[in-house]
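Student:
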Amino acid sequence: MAEQAYRWTEQAAASETENAQQEAYTIKQTSELTGLPEDTIRYYEKIGLLPRAKRRANTHRVYGQEDVQTMKLILCLKKTGMPLEEMKPYLEMSQTGDLAETPEAFERIREYRATVLEQIESLRTIVDFIDLKLAQGTLLNRQDCDADPQEGPGLPAKRDSRFR
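Numbering (our numbering), first residue to last: 915 to 1078.
#1: So, is residue 961 buried or exposed, given that buried needs 16 or more other C-beta atoms within 10 angstroms?
#2: Taking C-beta to C-beta, are residue 978 and residue 946 nearer than 8 Å?
#3: Using a 10 Å radius around the Cβ and a threshold of 16 neighbouring Cβ atoms, would you call residue 975 buried or exposed?
#4: DSSP on residue 956, reduced to helix/strand/coil?
#5: Which of the three DSSP states, helix, strand or coil, is assigned to residue 1038?
#6: Taking the alpha-carbon positions, what's the residue 1053 to residue 1042 distance?
#7: Residue 976 bridges to which residues according to DSSP?
#8: Roughly how far, in whole angstroms, is the beta-carbon of residue 981 from the beta-carbon of residue 964, given that I think they are within contact range, below 8 Å?
#9: Can you round the beta-carbon distance between residue 1013 and residue 1020 to whole angstroms, since I take them to be within the 8 Å contact cut?
#10: Which same chain residues, not among the five before or five after residue 1008, have their C-beta less than 8 Å away from its C-beta?
#11: From what residue to what residue does the alpha helix (DSSP H) around residue 946 run?
#12: Pick out whichever of 967, 1051, 1024 and 955 has its Cα sitting closest to the Cα of residue 995.
#13: Whole angstroms is fine: what's the gap from residue 1044's alpha carbon to residue 1033's?
#14: Tell me, to the nearest whole angstrom, how far the beta carbon of residue 948 is from that of residue 989; I am working on the premise that it is less than 8 Å.
#15: Output the distance between the C-alpha atoms of residue 940 and residue 958, rounded to the nearest integer angstrom.
See the structure below:
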């Protein structure tokens, strides 16, 4: 019976090793999966945003699925406008804890979310302007010259007064 349990444990360990090997990505593959340039991945390691990559016998970096997810989180936080130096606690939190357990961090993420929503509204205004120009068939007309600079050329008032 003990021998049977040993075999099962040995098989499970071999299976785990096989799975880990399947999830091992080169820096090039990781770059393709995340959209981050290879130099950026190395830089994030250097400044401590990413843990040091595991190395193969030939000293090439190897990344796992967890590393890929961390890089995707970095990209997401970066797109909110969060500076790299401010990300570290959030990255550590994503590994060890729950955002709701840290009210300050939770509120800060909500602020970044609000900023992103404002950016979306601004982009919608730009799309509205482009749509108007496409419908008019001209890029500049007299109406644009008389428009209020705060409203944008030839655009109606903004959709929501919160963003004025």
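Every residue gets a Cβ at the ideal spot worked out from N, C-alpha and C, and that includes glycine.
Tutor: On the basis of the supplied data:
#1: Against the sequence shown, residue 961 aligns to sequence position 47. Exposed, by the Cβ-count rule.
#2: For this step, residue 978 is matched to residue 64 along the sequence shown. For this step, residue 946 is matched to residue 32 along the sequence shown. No; because the gap between Cβ atoms is not below 8 Å, this pair is not in contact.
#3: Here residue 975 refers to the residue found at position 61 when the sequence shown is read from its first residue. When all chains shown are included, residue 975 counts as buried.
#4: What you label residue 956 is simply residue 42 of the sequence shown in a count that begins at 1. It is helical.
#5: Residue numbering aside, residue 1038 sits at position 124 when the sequence shown is read from its first letter. It is helical.
#6: As a position in the sequence shown, residue 1053 is number 139, starting the count at 1. As a position in the sequence shown, residue 1042 is number 128, starting the count at 1. Approximately 13 Å, taken between the alpha carbons.
#7: Against the sequence shown, residue 976 aligns to sequence position 62. 968, per the DSSP bridge assignment.
#8: Along the sequence shown, one-based indexing puts residue 981 at 67. Along the sequence shown, one-based indexing puts residue 964 at 50. Yes, they are in contact, since the Cβ atoms of residue 981 and residue 964 sit about 7 Å apart, within 8 Å.
#9: Walking along the sequence shown from the start, residue 1013 turns up at place 99. Walking along the sequence shown from the start, residue 1020 turns up at place 106. Yes, they are in contact, since the Cβ atoms of residue 1013 and residue 1020 sit about 5 Å apart, within 8 Å.
#10: As a first step, residue 1008 is located in the sequence shown; it is residue number 94 there, counting from the start. Cβ neighbours of residue 1008 beyond the five flanking positions: 984 and 987.
#11: Stepping through the sequence shown from its first residue, residue 946 is reached at position 32. Residue 946 -> alpha helix (DSSP H) spans 941-948.
#12: Here residue 995 refers to the residue found at position 81 of the sequence shown. Answer by Cα proximity: 1024.
#13: Here residue 1044 is taken as the residue at index 130 of the sequence shown, counted from 1. Here residue 1033 is taken as the residue at index 119 of the sequence shown, counted from 1. Going from the Cα of residue 1044 to the Cα of residue 1033 covers about 17 Å.
#14: Your numbering for residue 948 matches position 34 in the sequence shown. Your numbering for residue 989 matches position 75 in the sequence shown. The pair is a contact, with the Cβ atoms about 7 Å apart (cut-off 8 Å).
#15: Counted from its first residue, the sequence shown places residue 940 at position 26. Counted from its first residue, the sequence shown places residue 958 at position 44. Computed Cα separation, rounded: 16 Å.
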